[in-house]
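**Student:** In full-length UniProt numbering, the protein residues as written are 1 to 222.
Built from N, CA and C at the ideal position, the CB exists for glycine as well.
Since the model is a prediction, treat every value here as computed from it, not as a measurement.
Once you've had a glance at the structure underneath, I'll fire off some questions.
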């Protein structure tokens with residue numbers, strides 16, 4: 001069984017970004033429209049299926065930026081996980097509470113305080129900006145799932161990039177595929193699973209997205 005990891009450690013030294021407020025306004029307004037556009041993502045579902053294979057039922061799982069809870073928290077709850085979800089959108093959190101068994105709270109990553117540990121942490125969409133500045137001071141989790149649209153250009157990341165999203169331009173932190181791998185390895189984690197591909201959201205407002213999903217774990221102690 002995987003050993004636990006304290007969530008509060010990874011956010012030490014992390015910085016908020018200018019796009020946070022814009023993100024709140026965008027996601028709170030979209031809620032179900034966003035869910036319908038992004039829920040049928042075969043790459044994301046394949047990643048969560050692999051998490052379910054790796055993490056025992058009954059494990060405590062943190063879903064950072066959980067949104068409406070569909071499909072990530074929903075799939076994990078159905079697999080018997082104990083879900084804690086946080087998101088900055090009150091409307092999305094209410095939808096998650098209404099439909100999924102779990103503990104869902106309105107909070108951003110930096111403002112969320114816990115006094116416990118998690119067996120797995122999932123960070124979906126572009127939340128890596130909250131981790132980059134703390135990457136060399138954080139204690140790694142045993143299971144860390146990350147997804148972010150990527151650009152295979154130098155440098156390995158770009159800040160405040162105006163990316164098209166659901167018909168709007170949203171300031172976003174982007175990393176290259178290799179940049180994300182390097183960040184996870186800097187935590188002392190081993191990459192155990194990865195998938196990349198082009199996802200076509202089910203909404204005419206949306207452009208196709210190049211996506212990368214990674215599962216990384218702490219090396220097995222002997």
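Classify residue 84: buried if its beta carbon has 16 or more other beta carbons within 10 angstroms, exposed otherwise.
**Tutor:** The residue is buried, with at least 16 neighbouring Cβ atoms inside 10 Å.
**Student:** To the nearest whole angstrom, what separates the beta carbons of residue 172 and residue 156, a pair I think is in contact under 8 Å?
**Tutor:** Going by Cβ atoms, the distance from residue 172 to residue 156 rounds to 15 Å, so no, they are not a contact pair.
**Student:** Put residue 198 into one of helix, strand or coil per three-state DSSP.
**Tutor:** strand
**Student:** Got a sec? Which residues, its chain only, sit under 7 Å from residue 135 by beta carbon, not counting five neighbours each side?
**Tutor:** Here the model assigns residue 135 a pLDDT of 38, short of 50, so the residue's position is not dependable and the matter cannot be decided.
**Student:** Can you have a look at residue 57 and say buried or exposed, based on whether 16 or more other CB atoms are within 10 angstroms of its CB?
**Tutor:** exposed
**Student:** Quick one: give me the first and last residue of the alpha helix (DSSP H) that residue 157 is part of.
**Tutor:** Counting along the chain, residue 157 falls outside any alpha helix (DSSP H), though it belongs to the beta strand (DSSP E) covering 157-165.
**Student:** Taking only the alpha-carbon atoms, compute the straight-line gap between residue 74 and residue 103 and give it to the nearest angstrom.
**Tutor:** 12 Å
**Student:** Starting from the C-beta of residue 20, find all residues in its chain whose C-beta is less than 6 Å away, skip the five residues before and the five after it, and write them out in chain order.
**Tutor:** Per-residue confidence for residue 20 stands at a pLDDT of 48, beneath the threshold of 50, marking its modelled position as unreliable; the derived number appears in the next sentence. For residue 20, same chain residues with a beta-carbon under 6 Å away, outside a window of 5 residues either side, do not exist.
**Student:** Less than 6 Å between C-beta atoms, sequence neighbours within five positions excluded: which residues of the same chain meet that for residue 60?
**Tutor:** 82, 118, 119
**Student:** Are the Cβ atoms of residue 112 and residue 67 separated by less than 8 Å?
**Tutor:** Taking 8 Å as the Cβ cut-off, residue 112 and residue 67 do not qualify as a contacting pair.
**Student:** Where does residue 85 sit, in a helix, a strand or coil, going by DSSP?
**Tutor:** strand
**Student:** Are there 16 or more other CB atoms within 10 angstroms of the CB of residue 10, so buried, or fewer, so exposed?
**Tutor:** Annotation note: pLDDT 44 at residue 10 (below 50); position unreliable, coordinate value reported separately. Burial call: buried.
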